[in-house]
Amino acid sequence: MIEAVKMVKRNPSKNRLKNFIIKAIRLLKDDNFMVGIHLVENVVSKILSIALVIVIGVSIFDLSLVLVKDLFTAEPIGFFNKTLIEIFGLFLNVLIALELLENVTAYLRKHIVQVELVVVTALIAVARKIIIFDPSKYAKNDLIALAFACLALAASYAIIRFINHKST
């Protein structure tokens, strides 16, 4: 025993390596590892929330600029020169960003992904694409694909709502 203590005192780098390995093994145990993963998820979610707030702010600023410029600087004053569909697309961009922020916020609060919110966000995104769809730029198959996506998301949403209301 005394020999082992003397060896550790003589070779401190081996002792540090041994302590490092022991700490690493402890960190990789299931409970400790999950705590680390949970911490990383929280940090990433908070960074995403901050980024989304910035995106929403910039989107609102951009929308305001487009509205003011289109209404007050272009002839005839008081009328939109852009189509309403383009302006609605900008509004829906902000709405989608808000829904994404709500998804991340819900995850931070409850630490679960709320499937209903995700499906609603996807529905809004597909609806936006359908609203701003320009038939001259895309093929008919693209519109059919969007329609199927919308139907599938609507069916998913109905099933999720039915299950959620049935369980409460």
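Under our numbering, read the sequence shown as residues 6 to 173, first letter to last. The beta-carbon is built from N, C-alpha and C at its ideal position, and this holds for glycine as well.
Residues near residue i in its chain [Cβ-Cβ closer than 7 Å; skip 5 each side]
i	result
I165	V120, E121 and V124
K134	L151
I61	V99, A102, L103 and L106
T126	I101, E104, L105 and N108
Residue i, DSSP secondary structure in three states
i	result
T126	helix
D139	coil
A79	coil
I117	coil
A111	helix
K34	coil
A150	helix
L144	Here residue 144 is Ala; the residue named in the question, Leu, does not match the sequence. DSSP places A144 in coil when its eight states are reduced to three.
Buried versus exposed call for residue i [16 or more other C-beta atoms within 10 Å across all chains shown]
i	result
T78	exposed
N98	buried
L95	buried
L158	buried
beta-carbon residue i near the ligand NAP non-hydrogen atom, thresh 8 Å
i	result
E107	The ligand NAP is absent from the structure shown, which contains no ligand whatsoever.
Close beta carbons around residue i, own chain, < 6 Å, minus the five adjacent residues each side
i	result
A154	V131
V10	Confidence at V10 is low in this model, with a pLDDT of 45, below 50, so the placement of that residue is unreliable and no value is reported for it.
S172	none
S54	V109
L22	none
8 Å CB neighbourhood of residue i in its chain, flanking five on each side removed
i	result
L57	A102, L105, L106 and V109
E91	I137
K28	none
Quick check: the segment 100–118 against the segment 50–70, are there 3 or more CB pairs under 8 Å? yes
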